[in-house]
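S.K.:
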Amino acid sequence: LRDAAQTEERRAVAAVFIERGFIPPDEFTGGIVQTNERGEIVVARDNMTSQPGIFAAGDVTDDYGKQIIIAAGEGARASMAVASWLRRRDVA
122 LRDAAQTEER RAVAAVFIER GFIPPDEFTG GIVQTNERGE IVVARDNMTS
172 QPGIFAAGDV TDDYGKQIII AAGEGARASM AVASWLRRRD VA
């Protein structure tokens with residue numbers, strides 16, 4: 122995490138939610154997932170990125186429409202996809 126003084130602090134977390142415009146997606150992903158020429162995270166229909174187990178939703182993605190209501194719907198879809206993905210991993 123970086124604050125206005127540019128200090129760095131590391132924390133163990135279960136999930137990260139980042140507001141677009143604060144940090145460009147291609148910067149905070151560190152090249153872990155595929156981004157397009159506009160720096161948006163490329164996602165599949167279920168919001169999974171190019172890295173299995175990493176999902177993205179809302180304005181950071183290459184999905185159509187950069188509106189809060191669309192982002193909310195994508196967040197719901199991504200959370201359902203995460204739950205399904207985790208259930209499949211427990212079975213395997």
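Residues 122 to 213 (our numbering) make up the sequence shown, in order.
Note that beta-carbon positions come from the ideal geometry of N, C-alpha and C, so glycine has one too.
The structure presented is a predicted model; accordingly, all values stated were derived computationally and were not measured.
1) I need the boundaries of the alpha helix (DSSP H) containing Asp147, first residue and last residue.
2) Assign Glu148 to one of two classes, buried (16 or more other C-beta atoms within 10 Å of its C-beta) or exposed (fewer than that).
3) Of all the options Gly151, Val164, Val203 and Val181, which has the alpha carbon lying nearest to the alpha carbon of Ala135?
4) Are the CB atoms of Gly160 and Pro146 within a distance shorter than 7 Å?
5) Under the assumption that Asp180 contacts Ala192 (Cβ atoms under 8 Å), give the Cβ distance between them as a whole number of angstroms.
6) Name, in chain order, the residues that DSSP records as bridge partners for Glu158.
M.R.: Here's the rundown:
1) Pro146 to Phe149
2) exposed
3) Checking every option, the nearest Cα to that of Ala135 belongs to Val203.
4) yes
5) 6 Å
6) In the DSSP assignment, no residue is bridged to Glu158.
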